[in-house]
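Taken in order, the sequence shown gives residues 46 to 158; the numbers are from the working numbering.
Cβ atoms here follow ideal geometry from the backbone N, Cα and C, with glycine treated the same way.
Reading through the structure tokens given below for one structure.
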Amino acid sequence: MVAHLLAVFAIWLVDVQGARWGILVLLGSAYYYLQKLRVLRISAIAIDEQGYRLLCGTIWMQVALVSAFITAPLTVAVWQDALGQRYALTLLPDSLSTVNYRHLRVRLRWHQR
46 MVAHLLAVFA IWLVDVQGAR WGILVLLGSA YYYLQKLRVL RISAIAIDEQ GYRLLCGTIW
106 MQVALVSAFI TAPLTVAVWQ DALGQRYALT LLPDSLSTVN YRHLRVRLRW HQR
């Protein structure tokens with residue numbers, strides 16, 4: 046992000062023909078990468094009869110499991126909310142208790158079948 050701003054400043058100082066288009070491209074690129082870096086902070090997963098819910102800050106979101114990649118040292122789950130927004134969650138074994146990690150992996154594997 047800092048590199049984008051420095052490039053915009055350098056182009057502005059040079060004032061070359063077409064520099065304004067370069068500035069617009071750089072600002073658009075900076076905005077795009079800023080949106081990509083925006084991360085949803087998921088602090089809890091709830092599983093019940095109604096499906097999956099994710100706790101994001103203080104708000105519970107009802108989500109559907111799209112896909113899951115499950116191995117012993119790593120679990121990656123992709124969720125989708127009602128608006129169609131997708132969220133990827135990467136879990137390592139030390140991020141939760143052994144029993145809860147095993148239960149979550151079993152539940153995710155059953156969903157894949």
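- Here Trp124 is buried, its C-beta having at least 16 other C-beta atoms within 10 Å.
- Secondary structure of Thr103 (DSSP, three-state): coil.
- The beta-bridge partner set that DSSP reports for Gln125 consists of Ala109, Arg131.
- Cβ-Cβ separation between Thr116 and Leu136: approximately 11 Å, too far for a contact (criterion under 8 Å).
- Apart from the 5 residues on each side of it in sequence, Arg65 has no Cβ closer than 6 Å to any other Cβ in its chain.
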